[in-house]
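K.L.:
Number of protein chains: 2
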Amino acid sequence: MADAFLAVDWGTTNRRVYLIEQGRIVRTERDDLGVTAVTDFDAAVGDIRARFGDLPMLLAGMVGSNIGWRLAPYVPAPAGIANLAANLLRIDARTAIVPGVSTLAGNRPDVMRGEEVQLLGAVATGLAPAQALLVQPGTHCKWATMIDGRIAGFTTAMTGELFALLRSHGLLAAQLQGEVTPNAAFLAGVEEAKRRDLAASLFGIRAAKMLGTRDDGDAAAYASGLLIGGDVAARLDASPHAVAHILSGPELGALYAAAIEANDRSAMLVDSHAAFIAGIIAIESQLQ
Amino acid sequence: MADAFLAVDWGTTNRRVYLIEQGRIVRTERDDLGVTAVTDFDAAVGDIRARFGDLPMLLAGMVGSNIGWRLAPYVPAPAGIANLAANLLRIDARTAIVPGVSTLAGNRPDVMRGEEVQLLGAVATGLAPAQALLVQPGTHCKWATMIDGRIAGFTTAMTGELFALLRSHGLLAAQLQGEVTPNAAFLAGVEEAKRRDLAASLFGIRAAKMLGTRDDGDAAAYASGLLIGGDVAARLDASPHAVAHILSGPELGALYAAAIEANDRSAMLVDSHAAFIAGIIAIESQLQ
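Top to bottom, those sequences are chains A and B.
34 is the number of the first residue of the first sequence in the working numbering; add one for each residue after it.
34 is the number of the first residue of the second sequence in the working numbering; add one for each residue after it.
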């Protein structure tokens, strides 16, 4: 384990660099140089070392995809810290990319790249138990079942992307410009979502406007409740866990927590930033 | 009942005019003068009479909506021919608009405007039985339960619109440009759709590409199977009918028929054009 190293959480549209010394963050910076904004990764990595120190570097996220620097092949689930550490894509003696994780379980292929560090870190640092259901809300919401501290299986839902599509285009867009909070309209959407009938529930938003059965200012919250509620209902139906641990910022976290509680389970918010750091330190600690 | 009258099926983006004499279509024309392309409806109706004859006229569809000529208030379900005929919006002594139908059943508001004529006509002319499940595939797919020849209840699903959104925008758009036929990939999508977990099933299309588990040329058919299959599964779960009658053109009709059969029910295609004519004649025959 190095006394000091650099960790880079490098996504599609932004990245965050951490300087870690003796297991603690000494310095961090976020910018919008996501992988789609970078063409010369050697130069970009050189720039990072020039600014943060000439240190070993571990990279995670879309930097290891076919739109990133080099392709780090997926590690099949179940996958733990040791599996990721053993399958790093080595760029050179002190630069490596953490692989993503794949699954073919239940006849539904799925992939993640970047989220695995957070998930494993949440367990490694004790923010979540070794047997747990973890959720990472967002454009493509990830749900992972952890067994013995490893990612045993996972499901990605296009929950956030569907909401963004509906808000930007098509019949409902004009109705969906309002604020989204975990209010009564949101919870009504979560309740309707238990029908698991999204395409019909969505048209109900239009019909409610035509018939005047709901204040149209509540349509966005209701639609968000439909989408998040559908995601939550499907995942909880398939999970025995009484608690879902949410890795998320507070706004989206509050929506997922409300939907989880409306589906008769408990929700616990976990610091996703701390989880990433714990994960990347755990991986680094296994290296020679 | 008039010896001759004009029927206009006047939608958002196009319209079809029929000259009907002694219960038969003598002449018909379709154009793109939907309600959004017309500002002076008096003049537009005058033009129709100048071309087709100075006759009584029955109009149906979005012409009776708040984006049309005048608002014809919805008739609540259950609604039959007599209910529609009794609630026509009279413009003048020989010009009237057929109202749409609404429902608040099962805590899900829903509306239709234009489809009701086809549905009631299908039963009136014997193309479908008086107790039946009817489906009108499309951008906003309508499913109606007919009891004693009336529209007892109905559900609209944004099936076609969701497919169009996904095909035009977002993560999956580039993958969804291929042809859609009721092939093996379509049926695999229908099977996956039985999980009633659309947002997650859709991400599987992306993951299948990343993992190479499906020929990407099949992605569009699979996605269509997911959407149509989800619509079909939700509706058939709630219906005791062994047969679903499809009012549709042949391409979309074949997709719905395949999905219905994959959900262990029978499908029967009904001529939607003939159904509209039968419906409008049945309504007209009740007028003084």
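Backbone N, C-alpha and C define an ideal beta-carbon position, used for all residues, glycine too.
(1) Would you say V303 of chain A and L280 of chain A are within 8 Å of each other, going by their C-beta atoms?
(2) For A307 of chain B, which option in B:G193, B:Q151, B:M179, B:S201 has the closest C-alpha, if you only look at C-alpha atoms?
(3) Between which two residues does the alpha helix (DSSP H) containing Q151 of chain A stretch?
(4) By the three-class DSSP mapping on this structure, what secondary structure does S135 of chain A have?
(5) If distances are taken between C-alpha atoms only, which option among B:T178, B:A267, B:A40, B:D249 comes closest to A110 of chain B?
(6) If we ignore side chains and look at the alpha-carbon of each, how far apart do G222 of chain B and A277 of chain B end up?
(7) Counting only runs that start and end within the segment 209-237 of chain B, where is the alpha helix (DSSP H) found for 4 or more residues in a row?
(8) Could you give the DSSP three-state label for R103 of chain B: helix, strand or coil?
(9) Which first and last residues belong to the alpha helix (DSSP H) in which A266 of chain A is found?
(10) So, is V134 of chain A buried or exposed, given that buried needs 16 or more other C-beta atoms within 10 angstroms?
(11) Along the beta strand (DSSP E) that carries V144 of chain B, what are the first and last residues, could you check?
(12) Am I right that E62 of chain B and V78 of chain B are in contact with their C-beta atoms under 8 Å? What's the rounded C-beta distance?
(13) Entirely within the segment 46-128 of chain A and at least 3 residues each: give me those beta strand (DSSP E) ranges in chain order.
(14) Name the chain A residues whose beta carbon is nearer than 8 Å to that of V108 of chain B?
(15) Check distances from the C-beta atoms of the segment 131-144 of chain B to those of chain D and list, in chain order, the residues that come in under 8 Å.
(16) Taking the C-alpha atoms as reference points, what is the distance between W176 of chain B and G193 of chain B?
(17) Hey, would you say R146 of chain A sits closer than 8 Å to G67 of chain A, going by beta carbons?
(18) In whole angstroms, what is the alpha-carbon distance linking P367 of chain B and T246 of chain B?
(19) I'd like the span of the alpha helix (DSSP H) that includes A197 of chain B, first residue to last.
(20) Can you tell me where the beta strand (DSSP E) with L39 of chain A in it begins and where it stops?
(21) Buried or exposed for I316 of chain A, going by 16 or more other Cβ atoms inside 10 Å?
(22) Using beta carbons (cut-off 8 Å, strictly below), is R200 of chain A in contact with chain B?
(23) If you compare alpha carbons, which of B:A112, B:A226, B:A105 is closest to R268 of chain B?
(24) Could you tell me which chain A residues have their CB closer than 8 Å to the CB of G171 of chain B, listed as they occur along the chain?
(25) How would you call V131 of chain B, buried or exposed, if buried means at least 16 neighbouring beta carbons within 10 angstroms?
(26) What three-state label does DSSP hand R239 of chain B in the structure shown?
(27) Going by CA-CA distance only, name the one from B:M243, B:A218, B:L195 that's closest to L260 of chain B.
(28) Would you mind giving the Cβ-Cβ distance between L52 of chain A and G86 of chain A, rounded to the nearest angstrom? I have them listed as a contact below 8 Å.
(29) Looking only at its chain, what residues have a beta carbon closer than 8 Å to the beta carbon of G113 of chain A, apart from the 5 residues adjacent to it on each side?
(30) Should G101 of chain B be listed as close to the ligand SAH, given that the test is whether its C-beta is under 7 Å from any heavy atom?
P.N.:
Once the coordinates are examined:
(1) Yes; because the gap between Cβ atoms is below 8 Å, this pair is in contact.
(2) With distances taken between Cα atoms, A307 of chain B lies closest to B:Q151.
(3) Run containing Q151 of chain A: 148-157, per the alpha helix (DSSP H) assignment.
(4) Shown here, S135 of chain A sits in a strand according to DSSP, grouped into three states.
(5) Among B:T178, B:A267, B:A40, B:D249, the Cα nearest to that of A110 of chain B belongs to B:T178.
(6) Their Cα atoms are separated by approximately 20 Å.
(7) If only complete runs of 4 or more residues are kept, the segment 209-237 of chain B shows the alpha helix (DSSP H) at 217-226, in order along the chain.
(8) If DSSP states are grouped into helix, strand and coil, R103 of chain B belongs with coil.
(9) Where A266 of chain A is concerned, the enclosing alpha helix (DSSP H) stretches over 252-270.
(10) Per the 10 Å Cβ criterion, buried.
(11) Its beta strand (DSSP E) spans residues 143-145.
(12) The C-beta distance from E62 of chain B to V78 of chain B rounds to 15 Å, too long to meet the 8 Å contact threshold.
(13) For the segment 46-128 of chain A, whole beta strand (DSSP E) runs of length 3 or above, ordered along the chain, are 48-54, 57-64, 90-93, 122-125.
(14) By Cβ distance, chain A contributes nothing, its closest Cβ being about 12 Å from V108 of chain B, past 8 Å.
(15) Structure shown: chain D not included; protein chains present are A and B.
(16) Rounded to whole angstroms, the separation of the alpha carbons of G193 of chain B and W176 of chain B is 14 Å.
(17) No, the pair does not count as a contact, with Cβ atoms beyond the cut-off.
(18) Residue 367 of chain B lies beyond the residue range present for chain B, which begins at 34 and ends at 321; the question has no answer from this structure.
(19) Start and end: 192-201.
(20) Element bounds for L39 of chain A: 37-43.
(21) By the neighbour-count rule (16 or more Cβ atoms within 10 Å), I316 of chain A is buried.
(22) For R200 of chain A, the answer is no, since every Cβ of chain B falls outside 8 Å of its Cβ.
(23) Per the Cα distances, B:A226.
(24) Listed by position along chain A, the residues whose Cβ is nearer than 8 Å to that of G171 of chain B form an empty set, because the closest Cβ is around 12 Å away.
(25) Its Cβ being crowded by 16 or more others within 10 Å, V131 of chain B is buried.
(26) In the displayed model, R239 of chain B falls within a helix according to three-state DSSP.
(27) Per the Cα distances, B:L195.
(28) The beta-carbon separation of L52 of chain A and G86 of chain A, rounded to 6 Å, stays under the 8 Å limit for a contact.
(29) The answer, listed in chain order, is L153, D181, G182, R183, I184.
(30) The ligand content of the structure shown is nil, which means the ligand SAH is not present either.
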